[in-house]
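Number 297 in the UniProt record's numbering belongs to position 297 of the sequence shown; there are no gaps in the numbering.
Worksheet: one structure, shown below.
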Amino acid sequence: MRFAACALLVCTLSLSAQQLRGVPVENLDRSVNPCNDFEAFAVGGWRKTHPMPERQATWAIRSVTQDDTWARLRTIAEDDMKKTSPKGSPAQLTGDFYGACMDDAAINSAGLKPLEPMLHAVDSIRDVKALNAAMVTMAAMGMDAPVGEGATQDSHDTTKMIAEIQIGGLGMPDRDYYLRDEARFKHVREEYMEYMKKMYALAGENAEQATTDSAAVMKIETALAQARMSRVELRDPKATDHPTTFAELKTLAPHYDWDADFKAKHIPTTGHMNVGQPKVVQAFDGLLTSVSLAEWKAYLRWHLLDGNAASLADNFEETSFAFRGTVLSGTKEQRPRWQRCVITTDRMLGEALGHEYVDRYLPPEAKARARTMAVNIVNELKLSIQTRDWMTAETKTKALEKVNALNIKIGYPDKWKTYEGVVVKRDTFLENVISARRYSVRDDLQQIGKPVDRGRWDMTPPTMNAYYNPLMNEVVVPAGYLQPPGFDPKGLDAINYGAVGVSIGHEISHGVDDEGAQYAADGRLLKWWTDADYKNFTERTACTTKQYDNYFVEPGLHLQGKLVTGEALGDLGGVNLAFRAYERSREGKGPEPTVDGLTPEQQFFLAEGQWRGALARPEMARTAVSTDPHPPGRYRVLGPLSNMPEFDKAFACKEGDAMVRPAAEQCSVW
Ligand SMILES: [Zn+2]
């Protein structure tokens, strides 16, 4: 279209008429040799002037951007508070939700009262039937009680939504915390017991009862943990693929009243569903008969207290923070109340709050520039596939089909959630939270049995993150990502490709990482590789697994290479694809200028280092090693760059330097 081309030309001219920004050079630590420790070189200067605040578990330049985003959302929520808006409108919902959250005087004077009707309902359970009913009621409120269904695409026919049966119910981050004997797990286990006892005491139990109840919770959760697969096992999509009919589900777990559950939640019983972990469903069923009613009641009370602690009076919130914030993550103080309230509003009503956010903070030209960059990176993946010498033409054709079918969503959804039925008042915070959670559960479950809705988003527009969904074969980049230091409309292309471009490349690479490669172009779980090509591919992914097995967060505590392989492959593919796409985007235009004495290639890699580089508190690092499929920020810089001759060239690094892996040890996939 001529008009669009003209608009683009004007835009290009106005951008080049002024000097474009490079990375902030004051963030560099020039006392470090970039060829020895590039992460410290890229971010070290910033760290010297920005010590990690007590409230942070991890700390990176982008943490400050995250704080800025929350401050912007606060302004929107405060503006909404002052307006008189129609009931149920986005401004009424967010203004009153945020306002009720900020009213901690009212929350404190209410104490435990808002939760009491539910606690009484649990107390009055006298038989298994009533226990069953309480579990259904709590699940509808979004509580982990522990049976939950969700809507998922059918991995054998991705045009349809089916039910996924999940048994959750663990209060600690992973099964290892219940089962393993290393000191760090034992320590957390002891602290978890103390946390439970304190919360029961706050809820009015005497010490003896609190001890008995905590032991009951530990007993149930440990049994559920024993049946769970490890996080590494869960990364194999075939391991969790178990199409099951309703009749089969009832046979698998005969002691739970699935008829009543499905009826109450309006889930169709025809066709099939998926049971990700049948052994956990069986273990849960066994517990229904082996555990006493009193123990189950203690368990449900616990999940009501723990699951709602952040919406209750200060003493509950602080007790929860002491475990979840301090023991598990190492943070010493809570975020200021306004931040917690903004985060909760975004989590509960993110598309209401986010609508105004994109109107204010996502200029159309930023969205357009990000899309152009994303398209260039996708094209680079296609070129990469075409030129791989380890892949046959047959598999290349299928791989290209998959990349051609990739859908890219940028900024915000075309169709916004309405939050129909959510009731929010200025003086009932916990009730507001529960109403929003109920909506979220309904909104999810109502999809079951219907054709897939490709317009839905799994992240809210202000989120500073992005994702790839293998069943949808889509990359989603919310508006919150498209701001400095990730994306600077006044910045060199080199730094935009080096930061958000790397992330887009990362997400795209997930389509062909060790997990994503098992899904076909239409999202089905289907092998589309020839055996020989798949073998070549897995040899390449094993190279990455081995490299990350060698990284550690403290002496003796290494990363689990197999847990982080997918994300590490995303990082490796992301930097390579974004770098090559950037270089190609300059063809015919000549290189971008050297800014602050740094070449465009140096700017690219520094942007990557400043975007990904991060510190973590020891407690957080330990928790992440067990639970997070992402490598720590430091290795998201050192890992991919130490495999790239392009990096060595940009900084004139030589063989023998720490950042230069010997050629024979370098990993390369895309
Ligand atoms: Zn990822």
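Note that beta-carbon positions come from the ideal geometry of N, C-alpha and C, so glycine has one too.
The shortest C-alpha to C-alpha distance from Ile167 to any of Thr159, His242, Pro278 is the one to Pro278.
In the same chain as Ala60, and ignoring 5 residues on each side of it, the C-beta atoms closer than 7 Å to its own belong to Gly613, Ala614, Gly633, in chain order. Around the beta-carbon of Arg622, 16 or more other beta-carbon atoms lie within 10 Å, marking it buried.
Note on geometry: alpha-carbon atoms of Ser63 and Gly523 lie some 34 Å from one another. Of Ala139, Ile267, Leu170, the smallest CA-CA separation from Arg189 is found for Leu170. For Leu249, the three-state secondary structure derived from DSSP is helix. Taking every residue with its beta carbon within less than 5 Å of a heavy atom belonging to ligand 1 gives, in chain order, Glu567, Gly570. Within the DSSP secondary-structure output, Ile162 pairs in a beta bridge with Thr152.
Of Ala542, His255, Tyr468, Arg580, the smallest CA-CA separation from Lys562 is found for Ala542. Setting aside the 5 residues that flank it on each side, Ser585 is surrounded in the same chain by Asn376, each with a C-beta closer than 6 Å to its C-beta; the list follows chain order. Of the other Cβ atoms in all chains shown, fewer than 16 fall within 10 Å of the Cβ of Ser290; this residue is therefore exposed.
Within the model, the alpha-carbon separation for Gly501 versus Asp144 is close to 37 Å.
For the region 557-629, the continuous alpha helix (DSSP H) assignments of 4+ residues that do not extend past its boundaries occur at 561-585, 600-612, 618-627, in sequence order. In the structure shown, Leu525 falls within a strand segment according to DSSP collapsed to helix, strand and coil.
In the three-state reduction of the DSSP assignment, Pro336 falls in the coil class. If you compare the alpha carbons of Trp670, Asp213, Met193, Ala216 with that of Val327, the shortest gap goes to Met193. Collapsing the DSSP output to three states places Pro451 in a strand.
Between Trp338 and Arg74, the gap from beta carbon to beta carbon is short of 7 Å.
Annotated three-state conformation of Met118 is helix, per DSSP. Residue state for Thr244 is assigned as strand, using DSSP reduced to three classes. Taking C-beta atoms as the reference points, Pro451 and Thr159 count as a pair closer than 7 Å. Annotation: the region 358-413 contains the following complete segments of the alpha helix (DSSP H) (minimum length 4 residues), in chain order: 364-387, 393-404. Restricting attention to alpha helix (DSSP H) runs no shorter than 4 residues, the region 29-70 encloses them at 38-49, ordered along the chain. Per the C-alpha coordinates, the member of Ala207, Ile162, Asn465 positioned closest to Glu507 is Asn465. Per DSSP, Pro90 is one residue of the alpha helix (DSSP H) stretching across 90-102.
Going by DSSP, Phe552 is part of the beta strand (DSSP E) stretching over 552-554. Rounded to whole angstroms, Leu93 and Cys101 show a C-alpha spacing of 12 Å.
Residue range 293-308 is occupied by the alpha helix (DSSP H) that includes Glu295, with no beta strand (DSSP E) assigned at that position. Between Arg175 and Arg235, the C-beta spacing is not below 7 Å. DSSP places Met273 in the strand class (E or B) of the three-state scheme. Non-local beta-carbon contacts of Gln447 in its own chain, meaning distances under 7 Å to residues more than five positions away in sequence, involve Ala151, Met161, Asp453 in chain order. Nearest C-alpha to Asn315 among Tyr98, Ala105, Arg30: Ala105. Taking the C-beta atoms as reference points, Leu224 is found no nearer than 7 Å to Ala294. Rounded to the nearest whole angstrom, the C-alpha separation of Gly411 and Gly486 is 14 Å. Annotated as proximal: Asp533 and Thr392, with beta-carbon spacing under 7 Å.
For Tyr467, the enclosing beta strand (DSSP E) starts and ends at 467-469.
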